[in-house]
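Have a look at the structure below, then the notes.
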Ligand SMILES: [Zn+2]
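Numbering (the numbering used here), first residue to last: 25 to 369.
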């Protein structure tokens, strides 16, 4: 058993992760291994201590710059498979049973990995993770906003023409400042028409207007972050009424400096306003966190006991794109874990 009290409860709690990035989840061991493989051709350090320093960000723009230098280490299909399976192992260690992993195939294809080889690598890792680790992975293919409309076009083509079995949704990430959401509408329209769910990032580094744009122009069914939504009562009403989940990642907001101090994080206001809040980890090793720590942080900010934390985990399952039978099974696991908890102490 790890830690005590809430920490120990969270560690064993079966969980779903809805907002976690593929490259951003690479463990320090995986990143160091890749950096060593490409030593002399990258600024990413191979030494774990230097790597931790390298992952200290001055602001959101600096974070994107560092993130892209890690993206640059994924150069062939074997790197993709190593990365993906490594991410599943990390998730499995935290008792994550189901994860929708945000993947940015555009970056890898730009780096010279053929689309088909990329899909084969992630699908191969997905099947192995499910069979060997009991971790069910699904994909969200996202447009890296900073790469503009060309990346939107390529991402759409990869998603719809080479559609891997595990693909469930279409997203939009990268910086929000200077990257207006409405321009991506045609790509989201086509992805949605093909049956993919819409899950753009919005209202993380910008205000509630970006969340409105994501709803109006991109047909958002869930919002990545959406933390600035609380600034607009009309938006709060809309999100609450339509039960649109928000993927909140508390530590990420501190690491990228969109929220100054954890005690200033709006999660409590969001929950009190009736918003459908889920807790996620975003880019855990880069932000010095993991999903368990995010649940513990959220429990502290929201003043939750074990029952409250279990309900947070149920919300993530309800907000997921898992099929009904899968949802029932995972909700049942959470209920069983909670019911058995007093006996386990
Ligand atoms: Zn994100």
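Just so you know, even glycine gets a beta-carbon here, dropped at the ideal spot from N, CA and C.
Inset, instruction - Could you tell me which of 197, 209, 167, 211 sits nearest to residue 230, measuring between CA atoms? - result: By 1-based counting over the chain shown, the position of residue 230 is 206. Residue 230 has its Cα closest to that of 197, out of 197, 209, 167, 211.
Legend entry - Alpha-carbon to alpha-carbon, residue 320 and residue 187: Sequence index remark: in the chain shown, residue 187 carries index 163 (1-based). Sequence index remark: in the chain shown, residue 320 carries index 296 (1-based). Answer to the nearest angstrom: the Cα atoms are 36 Å apart.
Inset, instruction - Give the straight-line distance between the Cα atoms of residue 31 and residue 67, rounded to the nearest whole angstrom. - result: Within the chain shown, the letter at position 7 stands for residue 31. Within the chain shown, the letter at position 43 stands for residue 67. When rounded, the distance between both Cα atoms is 36 Å.
Legend entry - Between the CA atoms of residue 203 and residue 84 - distance to the nearest angstrom: Your numbering for residue 84 matches position 60 in the chain shown. Your numbering for residue 203 matches position 179 in the chain shown. In a straight line, the C-alpha of residue 84 is about 14 Å away from that of residue 203.
Legend entry - When 297, 168, 52 are compared against residue 88, the one with the closest alpha-carbon: Within the chain shown, numbered from 1, the residue matching residue 88 stands at position 64. With distances taken between Cα atoms, residue 88 lies closest to 168.
Legend entry - Selected residue, minimal CA-CA separation from residue 217, among 184, 287, 177: To locate residue 217, count along the chain shown from 1; it is residue 193. Taking only the C-alpha atoms, the option nearest residue 217 is 184.
Legend entry - residue 82, buried or exposed, once every other Cβ within 10 Å from all chains shown has been counted against 16: Working through the chain shown from its first residue, we reach residue 82 at position 58. With fewer than 16 other Cβ atoms within 10 Å, it is exposed.
Legend entry - Close Cβ partners of residue 212 (< 7 Å) along its chain, the five nearest in sequence each way excluded: Counting from 1 along the chain shown, the entry for residue 212 is found at position 188. If we look at residue 212 and ignore the five residues flanking it on each side, its Cβ neighbours are 194, 222, 242, 243.
Legend entry - Straight-line gap, residue 358 to residue 100 (C-alpha atoms, nearest Å): In the chain shown, the residue the question calls residue 358 occupies position 334. In the chain shown, the residue the question calls residue 100 occupies position 76. Roughly 38 Å between the two C-alpha positions.
Inset, instruction - Give the secondary structure of residue 247 by DSSP, where H, G and I count as helix, E and B as strand, and everything else as coil. - result: Taking the first residue of the chain shown as 1, we reach residue 247 at position 223. Strand.
Legend entry - DSSP three-state assignment for residue 25, whether helix, strand or coil: Counting from 1 along the chain shown, the entry for residue 25 is found at position 1. Per-residue confidence for residue 25 stands at a pLDDT of 41, beneath the threshold of 50, marking its modelled position as unreliable; no derived number is given.
Legend entry - Rounded distance between the beta-carbons of residue 234 and residue 258, thought under 8 Å: Numbered from 1 along the chain shown, position 234 holds the residue referred to as residue 258. Numbered from 1 along the chain shown, position 210 holds the residue referred to as residue 234. In fact, because the Cβ distance is near 15 Å, the residues do not count as touching under 8 Å.
Legend entry - Cα-Cα separation between residue 214 and residue 44, rounded to whole angstroms: Translated into the one-based positions of the chain shown, residue 214 becomes position 190. Translated into the one-based positions of the chain shown, residue 44 becomes position 20. Approximately 24 Å between the Cα atoms of the pair.
Inset, instruction - Leaving aside the five residues before and after residue 106 along the sequence, list all residues of the same chain whose C-beta is less than 7 Å from its C-beta, in chain order. - result: Locating residue 106 in the chain shown gives position 82, counting from the first residue. For residue 106, where only same-chain residues beyond five positions count, the Cβ hits under 7 Å are 54.
Inset, instruction - For the region 270-283 and the region 302-315, state whether three or more C-beta atom pairs, one from each stretch, are separated by less than 8 Å. - result: yes
Legend entry - Cβ shell of residue 199 (< 8 Å), same chain only, five flanking positions each side left out: Position 175 of the chain shown holds residue 199. Here the set comprises 84, 85, 88, 169, 170, 229.
Inset, instruction - Drop a sphere of 10 angstroms on the beta-carbon of residue 25, count the other beta-carbons inside from all chains shown, and report buried for 16 or more, exposed for fewer. - result: What you label residue 25 is simply residue 1 of the chain shown in a count that begins at 1. Residue placement at residue 25 cannot be trusted, given a pLDDT of 41 that sits under 50; what the coordinates show is reported in the next sentence. That one is exposed.
Legend entry - Check your reading: residues with Cβ closer than 6 Å to ligand 1 heavy atoms: 43, 45, 197, 225, 248, 306
Legend entry - Which listed residue (112, 36, 35, 60) has its alpha carbon closest to that of residue 47: In the chain shown, residue 47 corresponds to position 23, counting from 1. For the residues 112, 36, 35, 60, the minimum Cα distance to residue 47 belongs to 112.
Legend entry - residue 175 to residue 128 span [Cα, whole Å]: On the chain shown, position 151 is the one that residue 175 refers to. On the chain shown, position 104 is the one that residue 128 refers to. Rounded to the nearest angstrom, the two C-alpha atoms are 10 Å apart.
Legend entry - Those runs of the alpha helix (DSSP H) which lie wholly inside the region 196-254 and span at least 4 residues: 209-217, 232-242
Inset, instruction - Grab me the residues of residue 141's own chain with a C-beta within less than 6 Å of its C-beta, minus the 5 sequence neighbours each way, in chain order. - result: Residue numbering aside, residue 141 sits at position 117 when the chain shown is read from its first letter. Here the set comprises 101.
Legend entry - Three-state class that DSSP yields for residue 40 in the structure shown: The residue you call residue 40 lines up with position 16 of the chain shown. Three-state DSSP puts residue 40 in a strand.
Inset, instruction - Tell me, please, which residues DSSP counts as bridged to residue 164. - result: Numbered from 1 along the chain shown, position 140 holds the residue referred to as residue 164. Answer is 126, 193.
Inset, instruction - Answer yes or no: do residue 14 and residue 263 have a C-beta to C-beta separation smaller than 7 Å? - result: Here the chain has residues from 25 to 369 only, and residue 14 is not among them.
Legend entry - Cut-off 6 Å between Cβ atoms - residues of its own chain near residue 307, not counting five sequence neighbours on either side: The residue given as residue 307 occupies position 283 in the chain shown. Excluding residues within five positions, the ones whose Cβ falls inside 6 Å are 45, 48.
Inset, instruction - Measure from the alpha carbon of residue 57 to the alpha carbon of each residue in 290, 251, 110, 363, then state which is nearest. - result: Position 33 of the chain shown, counted from the first residue, corresponds to residue 57. The shortest C-alpha separation from residue 57 is found at 110.
Inset, instruction - From the DSSP output, in three-state form, read off residue 32 for me. - result: As a working mapping, residue 32 is identified with position 8 in the chain shown. DSSP places residue 32 in helix when its eight states are reduced to three.
Legend entry - With 16 other Cβ atoms within 10 Å as the buried cut-off, status of residue 71: The residue labelled residue 71 in the question sits at position 47 within the chain shown. Counting Cβ neighbours within 10 Å, residue 71 comes out exposed, since fewer than 16 surround it.
Legend entry - Presumed contact (8 Å Cβ cut-off) between residue 226 and residue 254, rounded CB distance: For this step, residue 226 is matched to residue 202 along the chain shown. For this step, residue 254 is matched to residue 230 along the chain shown. Not really, about 14 Å apart at Cβ, beyond 8 Å.
Inset, instruction - Evaluate residue 39 with the Cβ neighbour count: other Cβ atoms within 10 Å of its Cβ, from every protein chain shown; 16 or more gives buried, anything less gives exposed. - result: Here residue 39 corresponds to residue number 15 of the chain shown, with the count starting at 1. So residue 39 ends up on the buried side.
Inset, instruction - Tell me whether residue 55 sits in a helix, a strand or coil according to DSSP, three-state version. - result: To locate residue 55, count along the chain shown from 1; it is residue 31. Three-state result, residue 55: helix.
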